[in-house]
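Below is one structure, written out as structure tokens; the observations come after it.
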Amino acid sequence: MPRRQKVVRAAGGLVVRLGRDVPALEVLLVHRPKYDDWTLPKGKAKPGESHEACALREVEEETGLRCVLGVELATTRYTDSRGRPKAVRYWLMRVASGEFVPNREVDEIAWLDPEAAAQRLSYDRDLPILAAAAWPPSPRAS
């Protein structure tokens, strides 16, 4: 009988801000040069780390932005590049402070309206996260 693989635990954020054309909202996407893709900021949880702490840490590590956690949105499940099952939990977030500095993992970010973000995302599996936010998100998360 084949051994069941352990699911890779990960978390991330749908980071939003008020757009230039208020009351429109913009969504943060990150470009990862290693994969040449556009996606939502996310990453693997450390042993013993909560999903919430992981989501906040990963967003800050990838973007330089310290965020405030909002409501949990949805979970995506897929097989990662190493063939392991992966589950990524996402939260709605808003920026509290910080600024983006290009780094090894993320060389560029884009603030886009939800429709443009949906078009730019490299993976269809990210689309339900945008949909789960139910535009516009509740005031406490924006």
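So our numbering is basically just the index in the sequence shown, starting at one, shifted up by 25. All C-beta atoms in this analysis are idealised placements derived from N, C-alpha and C, irrespective of residue type, glycine included. The structure presented is a predicted model; accordingly, all values stated were derived computationally and were not measured.
How far does the alpha helix (DSSP H) with residue 146 in it extend, from its first residue to its last?
No alpha helix (DSSP H) contains residue 146, which DSSP labels as neither H nor E.
Compute the Euclidean distance between the alpha carbons of residue 130 and residue 87, then round it to the nearest angstrom.
Their Cα atoms are separated by approximately 7 Å.
Nearest-angstrom beta carbon gap, residue 112 and residue 104 [assumed within contact, 8 Å]:
Not confirmed; about 11 Å, so no contact.
Do the segment 142-159 and the segment 70-88 touch if we need at least three Cβ pairs shorter than 8 Å?
They do not touch, by the three-pair rule.
Among 71, 91, 107, which has the Cα closest to the Cα of residue 30?
The residue with the shortest Cα to Cα distance from residue 30 is 107.
Mapping DSSP to helix, strand and coil, what is residue 91?
For residue 91, the secondary structure class from DSSP, reduced to helix, strand or coil, is strand.
Residue 110 lies in the beta strand (DSSP E); which residues open and close that run?
Where residue 110 is concerned, the enclosing beta strand (DSSP E) stretches over 110-123.
Whole-number beta carbon distance between residue 123 and residue 97, since they are thought to touch under 8 Å
Between the beta-carbon of residue 97 and that of residue 123 there is about 22 Å, and that puts the pair past the 8 Å contact cut.
Residue 76 versus residue 34: straight-line alpha-carbon distance, rounded:
Looking at the two C-alpha atoms, the distance is approximately 8 Å.
Nearest neighbour of residue 24, chosen from 140, 153, 92 [CA to CA]
Nothing can be reported for residue 24, as the shown portion of the chain is limited to 26 through 167.
I'd like to know whether the C-beta atoms of residue 53 and residue 44 end up nearer to each other than 9 Å.
In terms of Cβ geometry, residue 53 and residue 44 do not form a close pair [threshold 9 Å].
Proximity of residue 58 and residue 151 at Cβ, strictly below 9 Å:
The answer is no: Cβ separation not under 9 Å.
Which value, in whole angstroms, describes the spacing of the CA atoms of residue 32 and residue 110?
Linking residue 32 to residue 110 through their CA atoms gives a straight-line distance of about 5 Å.
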